[in-house]
Structure formats: C-alpha cells, structure tokens
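*Asks:* According to this note's numbering, the sequence shown is numbered sequentially starting from 1051.
We put the CB at the ideal spot given by N, CA and C, even for glycine.
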Amino acid sequence: MDNATYIVTNPERKVLYTGVTSSLPRRIVEHYLNRGNNKSYAGRYFCYCLIWYDVFPTMYEAIEAEKRIKGKSRAWKDELITRSNPRWKFLNEEILGEWPPRKTLPF
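1. Which residue comes first and which comes last in the alpha helix (DSSP H) that contains Val1079?
2. With a threshold of 16 other CB atoms inside 10 Å of the CB of Thr1132, please say whether the residue is buried or exposed.
3. Does Asn1142 get closer than 8 Å to chain D when you measure Cβ to Cβ?
4. Could you compute how far the alpha carbon of Glu1129 sits from the alpha carbon of Asp1104?
5. Between Ile1145, Gly1147, Cys1097, which has its C-alpha nearest Glu1062's C-alpha?
6. Can you give me the C-alpha to C-alpha distance between Tyr1091 and Ile1057, rounded to a whole angstrom?
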C-alpha cells in the first residue's frame, strides 16, 4: 500500500496523530514498536491504532492531504474519521493481516 495519509490513535481513542508514509503496514508496526517512547509524540501517547487512511497516486498528494488534515480542528478530524469508520474500529489487522504484529516483524 503506497503513499498513504493516515490517522492513528491510542487504545482509549483520546489522542490523534496524523502522518504520511510510503508503506502503511510498515509504519503501523513502527508506531507499535515505538509505543511508550517519550521522544516522539505518537510514542509518548501510545498512538499505534489505525482508525483512518487514504491512499494517493503520488507522495506529493499524500503530503498535501496530511498538511490539510493537520491544519484542521479536532472536531473536523473526528468527523473525517466517523464518516468512513463510524465506530472508530482499529484497522490494524485489516492492513497487516494480523494484530498484534508477529509474522510481519521485522521489516
């Protein structure tokens, strides 16, 4: 899965992190392995639960989408997520084929 903009949250669904990647499966595992690491925002707040993503033909378009989303309010982001994922279901297993990652490690 190439050129994706994505939003992850923590297990309590309280904190959002928006990112961009050329490999969504790899990036989700990286967030999971980084959980609890105070040196990064996503790590500090245990943001590794995928709740929204979109795929783009080019990295430029994915980065532009990330910038747009990051500039919006929390309420706007909540609505974006809810439109495609009303229950805020964690999509990690859908993307990786397993959760937590065992076979998909290491990359």
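*Replies:* Let me lay it out:
1. That run of the alpha helix (DSSP H) goes 1074-1083.
2. So Thr1132 counts as exposed.
3. Annotation note: the requested chain D is absent from the structure, which comprises a single protein chain.
4. Approximately 15 Å between the Cα atoms of the pair.
5. Per the Cα distances, Cys1097.
6. Here the alpha carbon of Tyr1091 sits roughly 13 Å from the alpha carbon of Ile1057.
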